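S.K.:
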Amino acid sequence: AGPAPAQVGFRKGPGPLMSRLASRSQLELVLCAVAVSLALLLGIAVVALAIQYRRDPSHSTCLTDACVRVASKILEALDVETDPCQDFYQYSCGGWIKRNPLPNGRSKWSTFNSIWDQNQAIMKHLLENATFNSSSEAERKTQRYYLSCLKEQRIEELGSQPLMELIDKIGGWNVTGSWNQTSFMEVLKMVSGTYRATPFFTVYVGADSKSSNSNVIQVDQSGLFLPSRDYYLNKTANDRVRLGAADSNQGKPLPVGCKQCWGVPGTYTLPSRWHGPQAGAGSGILNNYLIWNLVQKTASSLDQRFETAQERLLETLYGTRKSCTPRWQTCISNTDDTLGFALGSLFVKATFDRDSKSIAEEMISEIRAAFEVSLDQLDWMDEKTRQAAKEKADTIYDMIGFPDFILDNKELDDVYDGYEVSEDSFFQNMLNFYNFSAKVMADQLRKPPNRDQLCRGLVSPSATPWLDPSGREYDKEGNLRPWWQNSSLEAFKNRTACMTEQYGRYTVHHEKVNGRQTLGENIADNGGLKAAYNAYKSWLQKNGEEKRLPALGLTNHQLFFVGFAQVWCSVRTPESSHEGLVTDPHSPDKYRVIGTLSNSRDFVEHFGCPLGSPMNPGKHCEVW
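Heads up, the sequence shown is in the UniProt record's numbering, so the first residue is 1 and it goes up one at a time.
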């Protein structure tokens, strides 16, 4: 018999599938159904997320080489173990601090120092290039000046001879030999004028504070050798006696107490019988001080003995360990101080991307616009003062990257025309420059101020110093005059008092920050950050969200604040910290970060800092 005919259709009896299912338990069937459902939901979620990521570029990640390098640098600087709402400076800079111990010979090391060292290496290569052949005489002078500084053997051979000859030329010094006791004013004129030292006061030509389009001769107080007057307080009583002011009948006595010793400028009057260098202190003391100023000014161009003495002083003042700074770095810094525009020309031509300057200018323009918008939102400023502040903002002169004239050989050469530079005598090159700069300064007296030659620097992180307690006193033309309405002025003072109190609570090595001394820069830091962040938000509205950086787990808004903080990563000795507290108008780097960000409502929002945490104390000091 043949095989049974094939049956077509559904069989009523249990088939292979049904028999397998029948062998499963009820629990397994339920689990199988759940698994299928989850797989379906997961698939739907994946599709939805893919669509969302395509629509929203802010959730995509930038994986270019540049983005990976930047992310790596940021991550290395972070201390992810620290809660950003507890100590944002440690969170942002803890890794950087761990990886950057203080180098020998440095009292402070920061991100700026690191960049400067890199730039110095570039300038060294440019100036030591055997094929150096510039068409600019100013640039050739720069190389000759630098090479003269490198000739250590020649400098050691000369020893102190150049200085001794200079001292003899201007009348002698009673420390090293005979001196002319009747020529005090002539010596003062030479030391202050020809050689640009500032023993008793500073004389310079600058814009008239009440007529900013004109230059005038200005006389200002001079500094002392040490960073601050409090370094001298142990000798105050002795000096007072030697200056003939110990007798209360001769003038207002100087209290011995540290904080009261110097008081407010103008409250101390000279003794009635004090008539000049021959009285009180004695001409010998004043002559010593006068010549010592000249010695200090020229010491950097002399032999190793002077350098060693300087290092010992720096170690005492700033706690620096013995310096291992190579000679070429010292010479680069010296050359930059003397021929900065010409050295800058070489550097810019070799390294500067011209597009970066226009990008920076556009960024500054956006920040200015954002600041003007924020002015409209101030409820404490009257309309007349607000309008004047906007007009002042519109007249800000940006100095970004470099002045254009340094790329024009003729204009650059004109700046240093008349300055003679030899490759054989570093000391003489220094003296020639002092003499040259004195003539240039005198020549500016009958000319309008030249803003291009005021300074050479980078974009300031402080966008509002022109409206700090000092800057607010100048109008849009830079003239000193009252332009605030009284109501706004009082409101301004009340708001600045909040910052004075806030920063005055911060301490470094048990020493308090001077909230009044640092007020202007604190206002600028806070106002600058707010304006920059508002400008960033405005940029996002026009250009859309950027891609995220990889591996950081931070939004771009959070990265904005991390970027601000990491600019100020630094380490310094206790001695240097003390010096900064008594002399620096800026707050210590740590509190430039913590103080500014704890006042920022935007920062608190994006990092979700709870009320009452160190970075969200609840009270936000705001001026601009």
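Glycine residues also receive a C-beta, built at the ideal position from the N, C-alpha and C atoms.
Note that the coordinates shown come from a computational prediction; the quantities given were computed from them, not determined experimentally.
Hey, quick one: how far does the alpha helix (DSSP H) through T335 stretch, first residue to last?
M.R.: Segment 327 to 338, the alpha helix (DSSP H) holding T335.
S.K.: On the CB-based measure, 16 or more other CB atoms within 10 Å of its CB, does R505 come out buried or exposed?
M.R.: Exposed, by the Cβ-count rule.
S.K.: Could you say which of R368, Q153, T194 lies nearest to D394 if we only look at CA atoms?
M.R.: The candidate whose alpha carbon is nearest that of D394 is R368.
S.K.: Hey, quick one: how far does the beta strand (DSSP E) through K108 stretch, first residue to last?
M.R.: That run of the beta strand (DSSP E) goes 108 to 110.
S.K.: Below 8 Å on the Cβ atoms is my guess for Y204 versus Q218; work out the distance and round it to an integer in Å.
M.R.: With a Cβ gap of about 6 Å, Y204 and Q218 count as contacting.
S.K.: Whether or not the segment 481 to 501 and the segment 325 to 341 are in contact is what I'm after, with contact meaning three or more pairs of Cβ atoms, one per stretch, closer than 8 Å; do they touch?
M.R.: As far as the Cβ criterion goes, the segment 325 to 341 does not touch the segment 481 to 501, which means the pair count is below three.
S.K.: For S211, which residues does DSSP report across the bridge?
M.R.: Answer is D208, bridged to S211.
S.K.: Taking only three categories from DSSP, how would you classify K189?
M.R.: Note: K189 maps to helix in three-state DSSP.
S.K.: Relative to the C-alpha of L290, which candidate in Y195, E165, M615 has its C-alpha closest?
M.R.: With distances taken between Cα atoms, L290 lies closest to Y195.
S.K.: With contact counted as at least three CB pairs below 8 Å, one residue from each stretch, are the segment 506 to 525 and the segment 570 to 589 in contact?
M.R.: Judged by Cβ distances under 8 Å, the segment 506 to 525 makes contact with the segment 570 to 589, as three or more pairs qualify.
S.K.: Give the DSSP bridge partners of residue 626, in chain order.
M.R.: There is no way to answer for residue 626, as the model of the chain reaches only from 1 to 624.
S.K.: Across which residues does DSSP place S221 in a beta bridge pair?
M.R.: According to the sequence as given, residue 221 is Gln; it is not Ser. DSSP lists F201 as partners of Q221.
S.K.: How many whole angstroms separate the CB atoms of V593 and I74, which I take to be in contact at a CB cut-off of 8 Å?
M.R.: Actually they are not in contact, since the Cβ atoms of V593 and I74 sit about 15 Å apart, beyond 8 Å.
S.K.: Assign I115 to one of two classes, buried (16 or more other C-beta atoms within 10 Å of its C-beta) or exposed (fewer than that).
M.R.: Exposed, by the Cβ-count rule.
S.K.: For the pair the segment 424 to 433 and the segment 148 to 164, tell me if three or more CB-CB distances fall below 8 Å.
M.R.: Short answer: they touch.
S.K.: Can you tell me whether C93 is buried or exposed, with buried defined as 16 or more other CB within 10 angstroms of its CB?
M.R.: Answer is buried; the Cβ neighbour count reaches 16.
S.K.: If you compare alpha carbons, which of L445, A442, E420 is closest to F433?
M.R.: Selected option, being the one with the closest Cα: E420.
S.K.: Would you check if the distance between the CB atom of N293 and the CB atom of P199 is smaller than 8 Å?
M.R.: Closer than 8 Å, so yes.
S.K.: What do you reckon, are the CB atoms on W183 and G171 nearer than 8 Å?
M.R.: Strictly speaking, residue 183 in this sequence is Ser, with Trp absent from that position. Their beta carbons are under 8 Å apart, which means S183 touches G171 by this criterion.
S.K.: For R196, report the span of its beta strand (DSSP E) as first-last.
M.R.: It is not in any beta strand (DSSP E) - R196 carries neither H nor E in the DSSP assignment.
S.K.: Where in the UniProt domain "Peptidase M13 C-terminal" (468 to 623) do unbroken runs of the beta strand (DSSP E), each at least 3 residues long, occur, reported from the N-terminal end onward?
M.R.: If we require 3 residues or more, the beta strand (DSSP E) runs fully inside the UniProt domain "Peptidase M13 C-terminal" (468 to 623) come out as 570 to 572.
S.K.: Starting from the C-beta of D208, find all residues in its chain whose C-beta is less than 6 Å away, skip the five residues before and the five after it, and write them out in chain order.
M.R.: Around D208: S214, V216.
S.K.: Does the beta-carbon distance from W624 to K530 come in below 8 Å?
M.R.: Yes.
S.K.: On the CB-based measure, 16 or more other CB atoms within 10 Å of its CB, does Q387 come out buried or exposed?
M.R.: By the neighbour-count rule (16 or more Cβ atoms within 10 Å), Q387 is not buried but exposed.
S.K.: If you check the beta carbons only, do L549 and C62 fall under 8 Å apart?
M.R.: Yes.
S.K.: Quick one: give me the first and last residue of the alpha helix (DSSP H) that N293 is part of.
M.R.: Looking at the DSSP string, the run of the alpha helix (DSSP H) that includes N293 is 283 to 298.
S.K.: Can you tell me which of the three DSSP states L454 falls into?
M.R.: Summary for L454: the model assigns pLDDT 49, below 50, so the residue's position carries little reliability; its value from the coordinates is reported in the next sentence. If DSSP states are grouped into helix, strand and coil, L454 belongs with coil.
S.K.: Taking just the CA atoms, how far does L226 sit from S576?
M.R.: Their backbone Cα atoms lie some 13 Å apart in a straight line.
S.K.: Report the rounded CA-to-CA distance for A130 versus D398, giving the unit in angstroms.
M.R.: Going by the C-alpha atoms only, they are around 37 Å apart.
S.K.: If you measure between the beta carbons of K392 and L375, is that distance less than 8 Å?
M.R.: Taking 8 Å as the Cβ cut-off, K392 and L375 do not qualify as a contacting pair.
S.K.: Our contact map puts A342 next to E139 with C-beta atoms below 8 Å; I'd like the distance itself, whole angstroms only.
M.R.: With 8 Å as the limit, A342 and E139 qualify as a contact, their Cβ atoms being about 5 Å apart.
S.K.: Indicate the three-state DSSP secondary structure (helix, strand or coil) for T385 in the structure shown.
M.R.: Helix.
S.K.: Taking Cβ positions, are Q86 and P614 nearer each other than 8 Å?
M.R.: Yes.
S.K.: Expressed to the nearest angstrom, what Euclidean distance is found between the alpha-carbon atoms of A279 and Q181?
M.R.: Because A279 carries a pLDDT of 47, less than 50, the predicted location of this residue cannot be relied on, and the following value inherits that uncertainty. Near 13 Å, if we compare the C-alpha coordinates of Q181 and A279.
S.K.: Using CA atoms only, rank isn't needed, just tell me which of Q296, M185, G284, N174 is closest to P197.
M.R.: According to the sequence displayed, residue 197 carries Ala and not Pro. For the residues Q296, M185, G284, N174, the minimum Cα distance to A197 belongs to Q296.
S.K.: Looking only at DSSP bridge pairs, what is T61 linked to?
M.R.: T61 is bridged to R548.
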